[in-house]
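Residue numbers (our numbering): 249 to 852.
Note that beta-carbon positions come from the ideal geometry of N, C-alpha and C, so glycine has one too.
Quantities reported herein were computed from a predicted structural model and do not represent experimental measurements.
A quick write-up on the structure given underneath.
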Ligand code: F6R
């Protein structure tokens, strides 16, 4: 979603912020802009890629700048709606991530006072409001403006009277301060500035920050100066190359064996439950996440419930916080509920809101996250870090894989701890988890046969993905991957549900991808395939190696490597990712940056 970068120091700021802004491009955006201090504030902004803005940008000697990539919420993508927003007198420039809920009433009142708005953006009230309150101190003016606005935001401001100063604040969306050597940074995301510094300050909500080249100050709501910690973060290996692959998504699909391997050491450690603060008999677990992470959570439910006696519910983050209190809240401490939040980015607004709601209810919270230092890792009681490395493709692939792996590891630890797995059984599970990377490598090595399936899908009106039991979430994930990168309509369903409505849609132009592994639901799934076939839907099945029956009732099939059905979601996921990728490739879509989507969804 929107990205913010600001620099103040002694070097040409324009180049630095543009380079930093490009580090955030992978997240998805529709326009970009920059404000520098020349004789007064100069704003340059353009719809489209950063290169569009660069092509109209003049030279600058400014050593202070703020820049922004916008992902439209209020108002279409356009030059006018792009950030920074300024004042007609060129005194101020503001960039904003998030949304301002009460902007309409503020805008009306500012308009009645004579302020002239040029855009449809909710953010444009900010420069006017801050200017209105400005009487020499930018921190004070921003603080007064904050008393009027409601919503979620990260805001960064520069003003012509303070050419070496950036003032910033956050509420519920990310803001980090990078501390350099006679230069300082503000950003919505550490990736933007890690090239320059690993010394990071994480301000809390409503703490106002003032940075100059030589100083960083934090103020509370009473404008009292407050202390802060500077943390040294691990340098994230910067990913800028596709390594010979045509798209980041394909590269990331092929990186999955390594991602799983790298994450293993984090997951199969000594006493992991103590490390997560899970030192009581857990009565229930709620898993909460969005999108692909939610699908990993659903897989987690099946595996935890299969290995332990603990009931698991899975909710979308955006629903969880408005739902009835978690079961067990208010009971004895020994039955304190566990809420597991899954977010690869650690910045998803809905999942953060759910984490806060769970904490407020007294639940113990554990996050599964791929970005160390991200917001969620700082707010929960325990953290499992997956080590997928940076994921650039908007469609989640390797992070999904390691999220599932983390949940399998958690399930085995919980099962061993509660006595439902004895030590030899636990060791068996551990060795099975260790073998997953080699299993998925076998699917990757078979990618040519997946490519051959593509022509059966490119003209499809709609595609149904079905599965049962632990592969039902994979059907959901297969459908999500296909629709987000190929723009073909797709639905994921439990195979037994089609006859309760969706069968009405099946026909020759509606292929079905059926995940048919040999677990206890196998024979029922066979009947479901027959039902779909009878409606003339072309059937592609994903079956286990050596299966003699499923291929006979399928139009096409793909064989998984030999694997226990309970571990089948891993190779199935790779198959589905590659299928979607090759279909989208054939259709010529923008695979790494699908339309309308963002990598990190920081609005609710
Ligand atoms: C789909 C995808 C999204 C994310 C969702 C949650 O490919 O990437 O559905 O899974 O936006 O994001 P995180 O995991 O960062 O909370």
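How would you label residue i, buried or exposed, when you count the other beta carbons within 10 angstroms and need 16 or more for buried?
i: residue 258; result: exposed
i: residue 832; result: buried
i: residue 580; result: Low confidence applies here, because residue 580 scores a pLDDT of 46, under 50, leaving its location unreliable; read the following figure in that light. Counting Cβ neighbours within 10 Å, residue 580 comes out exposed, since fewer than 16 surround it.
i: residue 836; result: exposed
i: residue 474; result: exposed
i: residue 557; result: exposed
i: residue 796; result: exposed
i: residue 336; result: exposed
i: residue 641; result: buried
i: residue 469; result: exposed
i: residue 819; result: buried
i: residue 368; result: exposed
i: residue 453; result: exposed
i: residue 304; result: exposed
Output the distance between the C-alpha atoms of residue i and residue j, rounded to the nearest integer angstrom.
i: residue 254; j: residue 529; result: 47 Å
i: residue 301; j: residue 805; result: 48 Å
i: residue 853; j: residue 825; result: The shown model of the chain, from 249 to 852, leaves out residue 853, and the question about it has no answer.
i: residue 320; j: residue 810; result: 46 Å
i: residue 569; j: residue 850; result: 16 Å
i: residue 782; j: residue 649; result: 34 Å
i: residue 265; j: residue 272; result: 11 Å
i: residue 460; j: residue 348; result: 27 Å
i: residue 269; j: residue 314; result: 10 Å
i: residue 700; j: residue 714; result: 21 Å
i: residue 894; j: residue 434; result: As displayed, the chain neither begins before 249 nor continues past 852, which places residue 894 out of reach and without an answer.
i: residue 854; j: residue 727; result: Missing from the structure shown is residue 854; the chain here goes from 249 to 852 and no further.
i: residue 559; j: residue 497; result: 35 Å
i: residue 198; j: residue 426; result: Nothing in the structure corresponds to residue 198, since the chain is present only between 249 and 852.
i: residue 527; j: residue 521; result: 7 Å
Considering only heavy atoms of the ligand F6R, does any lie closer than 8 Å to the CB of residue i?
i: residue 829; result: no
i: residue 538; result: yes
i: residue 638; result: no
i: residue 542; result: yes
i: residue 594; result: yes
i: residue 413; result: no
i: residue 732; result: yes
i: residue 591; result: yes
i: residue 647; result: yes
i: residue 459; result: no
i: residue 728; result: yes
i: residue 644; result: yes
i: residue 709; result: no
i: residue 848; result: yes
i: residue 421; result: no
i: residue 221; result: Shown here, the chain extends from 249 to 852; a query on residue 221 therefore has no answer.
How about residue i and residue j: are their beta carbons less than 9 Å apart?
i: residue 603; j: residue 624; result: yes
i: residue 688; j: residue 821; result: yes
i: residue 632; j: residue 514; result: yes
i: residue 588; j: residue 615; result: yes
i: residue 620; j: residue 481; result: yes
i: residue 414; j: residue 432; result: yes
i: residue 325; j: residue 372; result: no
i: residue 767; j: residue 718; result: yes
i: residue 646; j: residue 501; result: yes
i: residue 417; j: residue 451; result: yes
i: residue 691; j: residue 516; result: no
i: residue 318; j: residue 847; result: no
i: residue 708; j: residue 540; result: no
i: residue 658; j: residue 531; result: no
i: residue 511; j: residue 635; result: yes
i: residue 780; j: residue 751; result: yes
i: residue 702; j: residue 834; result: yes
i: residue 760; j: residue 788; result: yes
i: residue 785; j: residue 712; result: yes
i: residue 448; j: residue 478; result: yes
i: residue 231; j: residue 377; result: What the structure shows of the chain is the stretch from 249 to 852, and residue 231 is not part of that stretch, so it cannot be assessed.
i: residue 652; j: residue 544; result: yes
i: residue 524; j: residue 630; result: yes
Is any heavy atom of the ligand FMN found at a distance shorter than 8 Å from the C-beta of residue i?
i: residue 852; result: The ligand FMN is absent from the structure shown, which contains only the ligand F6R.
Under 9 Å between C-beta atoms, does residue i make it to chain B?
i: residue 389; result: Absent from the structure: chain B. Only one protein chain is present.
If we count Cβ pairs, one from each stretch, closer than 8 Å, do we get three or more for the region 595 to 613 versus the region 561 to 568? yes
Between the region 270 to 283 and the region 320 to 340, do at least 3 Cβ pairs fall closer than 8 Å? Taking 8 Å as the limit for Cβ pairs, the verdict is that the region 320 to 340 does touch the region 270 to 283.
Assess contact between the region 348 to 355 and the region 309 to 321, defined as three or more Cβ pairs (one per stretch) separated by less than 8 Å. Is contact present? no
Touch check for the region 717 to 733 and the region 672 to 681: three-plus C-beta pairs under 8 Å? no
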